[in-house]
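Q: Numbering (UniProt numbering), first residue to last: 1 to 135. Below: one structure in structure tokens.
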Amino acid sequence: MTMNNFSVFDISGRAMSAQLVRLNTTASNLANAGTVAGSEAGAFRSMKPVFRTVMDDHGRATVQVDQVTVGKMAPSKRHDPSNPLADKDGNVWEAAVDSAAELVEMVETARQYQNNVQVLETAKGLINETLRMGQ
1 MTMNNFSVFD
11 ISGRAMSAQL
21 VRLNTTASNL
31 ANAGTVAGSE
41 AGAFRSMKPV
51 FRTVMDDHGR
61 ATVQVDQVTV
71 GKMAPSKRHD
81 PSNPLADKDG
91 NVWEAAVDSA
101 AELVEMVETA
111 RQYQNNVQVL
121 ETAKGLINET
131 LRMGQ
């Protein structure tokens with residue numbers, strides 16, 4: 001899909017939107033870490049956004065979220081007959097979330113988001129400086 005023309009503001013804004021989706025999925029994954037379900041099918045599995053490059057007519061690129069996928073890691077079974085969610089055999093399934101990996105993902109996402117904020121601040125400063133030169 002090509003667009004007519006991306007400005008630095010379009011590129012960074014779209015990148016920030018994509019990172020916000022990434023942060024939201026990471027937050028959801030962390031919120032569900034440690035939860036249990038009464039069946040393997042009902043157990044939470046981590047989610048990951050899939051990004052896609054979008055080019056304009058001049059070869060400039062930005063990003064958009066193409067889809068959000070469910071992780072392939074399997075929930076782990078634990079014997080806990082006292083849990084009200086336990087099945088007839090006394091088992092529950094813990095969410096398939098790697099909390100340590102999710103925390104790393106959150107830090108990386110925050111850095112990427114901040115990089116795009118810095119791009120916007122730099123572009124704004126350059127535009128203001130250019131306008132001052134014309135006065």
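Ideal Cβ positions, reconstructed from N, Cα and C, are used throughout, including at glycine.
(1) Inspect the CB distances between the stretch 96-106 and the stretch 17-28 and report whether three or more fall short of 8 Å.
(2) Could you give the C-beta distance for residue 44 and residue 18, rounded to a whole number, given that I count them as a contact under 8 Å?
(3) Does DSSP put residue 65 in a helix, in a strand, or in coil?
(4) Take residue 60 and list the residues in its own chain whose beta-carbon comes closer than 7 Å to its own, dropping the five residues that flank it on each side.
(5) Taking the runs of the beta strand (DSSP E) that are 3 residues or longer, which of them lie wholly in the stretch 16-98?
(6) Under the rule that 16 or more other beta-carbon atoms within 10 Å means buried, what is residue 133, buried or exposed?
(7) Hey, residue 95 and residue 34 are a contact pair by Cβ (cut 8 Å); roughly how many whole angstroms apart?
(8) Could you tell me the distance, in whole angstroms, from the CA atom of residue 131 to the CA atom of residue 66?
(9) Nearest-angstrom Cα distance between residue 58 and residue 77?
(10) Identify which residue in 64, 47 and 46 has its Cα closest to the Cα of residue 54.
(11) Using the Cβ count rule (16 or more neighbours within 10 Å means buried), how would you classify residue 81?
A: Quick answer:
(1) A contact exists between the stretch 96-106 and the stretch 17-28.
(2) That pair is no contact at about 23 Å.
(3) strand
(4) 6 and 11
(5) 47-56, 61-70, 76-79 and 91-94
(6) Exposed, since its Cβ has fewer than 16 Cβ neighbours within 10 Å.
(7) 7 Å
(8) 38 Å
(9) 52 Å
(10) Of 64, 47 and 46, the residue nearest in Cα terms is 64.
(11) Exposed, since its Cβ has fewer than 16 Cβ neighbours within 10 Å.
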